[in-house]
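In the working numbering, the protein residues as written are 79 to 503.
Input: a single structure, listed below in structure tokens.
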Ligand SMILES: NC(=O)c1ccc[n+]([C@@H]2O[C@H](COP(=O)([O-])OP(=O)(O)OC[C@H]3O[C@@H](n4cnc5c(N)ncnc54)[C@H](OP(=O)(O)O)[C@@H]3O)[C@@H](O)[C@H]2O)c1
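What follows is the structure, given as structure tokens:
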């Protein structure tokens, strides 16, 4: 166990996209110190934040280092990840992993072993990168009985379907473009076939329903056969085609599958576009809840890995006092920006006499206070022979807008300033 005055040492296995993000996020961490970083090619050009002296291609030297308390596995795939994680657990090290293949395929074996060795495995980054879905299910929503998990769990296929919709182009053309831009792997089979989504869905369903799921029992069908014509027809009918993973609890069985599906255009998941992911959870207490965000990428994924690490810090240090995650650590008050200093666009509605020259006078006052008008509409006479003027401004500091409104109110140009509403662009 680490003493309070010593940092908790961690070892990283892998320093590619995710690992590099994790190193950046942990720079100057108050409690965690990266002791070793494992990679395959020591001569590879890497981000300057990766200290050369920490790099080693001898991954076993990391998992066997007695000073290292936590192993962060970011290698990907099953080999050598499985073997290394098993050995690390036997060495009583906690594990943080971003590896969905490993958890979906060997989770049962690893979690049993972790329990026997009294260590934890955290895996928030393994499903939907930056979306905090695992710990939301395991902790925040743990009072619920879940009935459904439904999600768009793969960014590559969602990007392809979104581009097919927006540009009316074929699946083949979209895939090629996605590969050229680096959005899709050179070998995209797992993404396209729905296998990657099946890995993630099986992890989520097994947490939500409290039962182990064998990955090969999860039906998966890919997007290869979807044509621009299918997409056009679905839109005409009020639907959108998405690659959907769905898991439902039905009496003693779980209905779990991944396949393309029409979903209502008005549904929240239909608005998940591009490389984003979205997960809808249905629980008896919460009702429906949808989380949408970046399903991959250096920093979103590093956010989940670092969150898991901070949780482990809390666990490791809690033996010495209250869990630091549950203790209020703030002692100072934040400085709050006054509303007068904020910048917004504004909708302004004025009631005026229906006579010539009013619009010009209003415009002059706005101009004097540097409030630039985006649109101005004068609407016909009201029953009392007054007129309505509605104005949308460009972005302006609140104090300038309020000064203009005050001057308009004081003048006899308008009968009344009926409303001023801030507009978010
Ligand atoms: N990329 C994302 O946005 C994302 C999102 C969520 C989850 N994940 C998961 O995070 C994990 C890592 O993904 P990534 O995108 O960071 O992968 P990556 O860029 O390919 O990096 C993999 C790293 O592991 C090292 N490595 C792989 N096999 C090795 C071996 N046999 N011996 C030594 N080192 C080895 C590589 O070494 P070299 O640098 O020397 O090649 C590299 O540093 C995967 O499980 C992935 O599914 C990724």
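Note that beta-carbon positions come from the ideal geometry of N, C-alpha and C, so glycine has one too.
Remember, it's a predicted structure, so these values are computed and weren't measured experimentally.
Distance, residue j Cα to residue i Cα
i           : j           : result
residue 285 : residue 373 : 19 Å
residue 81  : residue 132 : Low per-residue confidence applies at residue 81: pLDDT is 45, beneath 50, and the placement is therefore not dependable, though the value from the model is reported in the following sentence. For residue 81 and residue 132, the distance between alpha carbons rounds to 23 Å.
residue 154 : residue 478 : 54 Å
residue 349 : residue 368 : 11 Å
residue 92  : residue 330 : 40 Å
residue 252 : residue 352 : 12 Å
residue 140 : residue 163 : 11 Å
residue 313 : residue 343 : 8 Å
residue 121 : residue 98  : 16 Å
residue 416 : residue 488 : 24 Å
residue 137 : residue 175 : 15 Å
residue 361 : residue 225 : 6 Å
residue 434 : residue 440 : 12 Å
residue 79  : residue 425 : Since pLDDT at residue 79 reaches only 43, below the 50 mark, its modelled position is unreliable, and no value is offered.
residue 116 : residue 130 : 11 Å
residue 128 : residue 108 : 18 Å
Own chain partners of residue i with C-beta closer than 6 Å, once the 5 adjacent residues on each side are dropped
i           : result
residue 337 : 299
residue 309 : 242, 243 and 319
residue 455 : 468
residue 228 : 324 and 358
Counterpart residues of residue i in DSSP-defined beta bridges
i           : result
residue 127 : Answer by DSSP bridge pairing: none, since residue 127 is not bridged.
residue 224 : 361
residue 200 : 174
residue 427 : 468 and 497
residue 230 : 356
residue 89  : 114 and 149
residue 278 : DSSP, once it has assigned bridges, lists no residue as partnering residue 278.
residue 492 : 430
residue 348 : According to DSSP, residue 348 bridges with nothing at all.
residue 372 : 354
residue 454 : 469
residue 317 : 342
residue 297 : 335
residue 323 : 229 and 336
Where residue i falls: helix, strand or coil (DSSP)
i           : result
residue 340 : strand
residue 261 : coil
residue 329 : coil
residue 101 : helix
residue 216 : helix
residue 366 : strand
residue 487 : helix
residue 138 : helix
residue 249 : helix
residue 421 : strand
residue 437 : helix
residue 133 : strand
residue 334 : strand
residue 290 : coil
residue 474 : strand
residue 449 : coil
residue 156 : coil
residue 411 : coil
residue 185 : helix
residue 143 : coil
Sequence-distant residues of the same chain with beta carbon closer than 8 Å to residue i, five excluded per side
i           : result
residue 156 : 179, 180, 183 and 184
residue 248 : 242, 305 and 306
residue 197 : 167, 170, 171, 172 and 173
residue 111 : 85, 86, 87 and 88
Contacts around residue i, its chain only, beta-carbon distance under 7 Å, and the 5 residues preceding and following it disregarded
i           : result
residue 272 : 298, 299, 300, 321, 336 and 337
residue 341 : 317, 318, 320, 322, 347 and 348
residue 256 : 234, 237, 238 and 262
residue 472 : 423, 450 and 452
residue 437 : 454, 456 and 467
residue 119 : none
residue 246 : 306
residue 363 : 221 and 222
beta-carbon residue i near ligand 2 non-hydrogen atom, thresh 7 Å
i          : result
residue 93 : This structure does not include ligand 2; its bound ligands are ligand 1.
Contact with chain C by residue i, beta-carbon distance below 8 Å
i           : result
residue 369 : Among the protein chains of the structure shown there is no chain C, as only one such chain exists.
(message) Any contact between the segment 81-96 and the segment 141-152? By contact I mean 3 or more CB pairs, one from each, below 8 Å.
(response) yes
(message) Within 8 Å, do at least three Cβ pairs link the segment 188-206 to the segment 257-269?
(response) no
(message) Can you confirm whether the segment 491-501 touches the segment 421-433 when touching is taken to mean that 3 or more C-beta pairs between the two stretches lie within less than 8 Å?
(response) yes
(request) Check whether the segment 203-220 touches the segment 377-392, taking contact to mean three or more Cβ pairs, one atom from each stretch, closer than 8 Å. (result) yes
(message) Would you call the segment 355-366 in contact with the segment 202-209, where contact means no fewer than 3 C-beta pairs closer than 8 Å?
(response) yes
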